[in-house]
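Peer 1: Before we start, here is the structure in question, set down as structure tokens.
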Amino acid sequence: MLAKKYKSEVVGIENPFEGVYTVEFKPFRGRYRYAPGQFLHVAIDRKYDGIGQWPESRCFSMQSNGSAKTIKVTYAVKGEFTTEMEKELQVGQEVWLKLPYGDLFSQTHNKKNTVFISGGTGITPFLSLFTDTSFGEYENPKLYMGFKEASLQIYNQELAVSQEINRSLDITTFYENVDGIIDIERILKENDKTSSFFVSGPPVMIKNFKEFLIQNGVDEENVKTDDWE
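Taking the numbering used here, I'd label the letters of the sequence shown as residues 725 to 953.
Below you can see the structure in the form of structure tokens.
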């Protein structure tokens, strides 16, 4: 699919805890078209008319699935652009989205015993797959997700939908203040090295986990990362 610009309205903003926001967008015309695991660009320049040069923007993974009428993204306030979003965005505001980009789940991968590893808001691209009917095609998938503390795990609604679509989904959660950081050594021991491993989270985590998996016998082709940033 070619990327397309969508004039959109902010229809919802949630601030579940300090420094993190979930924003919901709705197109003024038509429907968004994208596949699970893809990402978009958000532009908040009020002067942009949709015709001239694309303004300053930032990439975000889409949290919702392609059958939804709206798109949700969750972001942490880090850097100038997200600080500006926190300050400027409000319900009813017009923004421009450009999508879709990326091929996270359209790449060839093993749908049996697939392993998904996420840190913090890195779970969002996985949710776009988990809440899509295509997730039912996966056999015995496993999700390992990590958060600094339990209050930061705000995805129970989407995960409940995921387990309705695929009842074999097995979920393990690491809370850093209780369990320590995500234990990649344990994850590898609990899974077959021929499985496909998807990793999403902070850039340092992605880099370290990918290197560990490859150095310990997982074929590089079987390690897929959401590292467009």
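From the three backbone atoms N, C-alpha and C, an ideal C-beta is built for every residue, glycine too.
Assuming the contact rule is C-beta atoms closer than 8 Å, Val-923 and Lys-934 should be a hit. Round their C-beta distance to whole Å, please.
Peer 2: The Cβ separation is near 6 Å, so the contact holds.
Peer 1: Any heavy atom of the ligand GTP within a distance shorter than 7 Å of the CB on Val-819?
Peer 2: Looking for the ligand GTP in the displayed structure turns up nothing, as the structure carries no ligands at all.
Peer 1: Taking Arg-910 as part of the alpha helix (DSSP H), name the residues at either end of that continuous run.
Peer 2: 908-913
Peer 1: May I ask you to verify whether the region 795-806 touches the region 755-767, counting CB pairs closer than 8 Å and requiring at least 3?
Peer 2: yes
Peer 1: For the alpha helix (DSSP H) containing Ser-901, name the first residue and the last one.
Peer 2: Here residue 901 is Asn; the residue named in the question, Ser, does not match the sequence. Taken as a continuous stretch (DSSP letters only), the alpha helix (DSSP H) holding Asn-901 covers 900-903.
Peer 1: Answer yes or no: do Gly-846 and Gly-925 have a C-beta to C-beta separation smaller than 8 Å?
Peer 2: The answer is yes: Cβ separation under 8 Å.
Peer 1: Leaving out five residues before and five after Pro-779 in sequence, what residues of the same chain have Cβ atoms less than 7 Å from its Cβ?
Peer 2: Counting only Cβ-Cβ distances below 7 Å, and skipping sequence neighbours, we find Ala-767, Asp-769, Tyr-772.
Peer 1: List, from N- to C-terminal side, the beta strand (DSSP E) runs of 3 residues or more that fit wholly inside the region 804-847.
Peer 2: 818-825, 839-843
Peer 1: So what does DSSP say about Val-801, is it helix, strand or coil?
Peer 2: coil
Peer 1: Does the region 942-952 touch the region 831-849, meaning 3 or more C-beta pairs lie closer than 8 Å?
Peer 2: The count of Cβ pairs closer than 8 Å, one atom from the region 831-849 and one from the region 942-952, reaches three, so the stretches are in contact.
Peer 1: Flag this pair as yes or no: are the beta carbons of Phe-752 and Ser-732 separated by less than 8 Å?
Peer 2: yes
Peer 1: According to DSSP, is Ile-775 helix, strand or coil?
Peer 2: The DSSP-derived three-state label of Ile-775 is coil.
Peer 1: What three-state label does DSSP hand Gly-860 in the structure shown?
Peer 2: helix
Peer 1: Which residues does DSSP list as the beta-bridge partners of Ile-795?
Peer 2: Phe-749
Peer 1: Quick one, are the C-beta atoms of Arg-757 and Met-725 less than 8 Å apart?
Peer 2: yes
Peer 1: Look up Glu-742 in the DSSP assignment and say whether it is helix, strand or coil.
Peer 2: Of the three classes helix, strand and coil, the one that applies to Glu-742 here is coil, per DSSP.
Peer 1: Would you call the region 854-863 and the region 808-815 touching, i.e. three or more CB-CB distances under 8 Å?
Peer 2: no
Peer 1: Going by alpha carbons, who is nearest to Lys-750 out of Gly-736, Gly-843, Ser-919, Lys-931?
Peer 2: Gly-736
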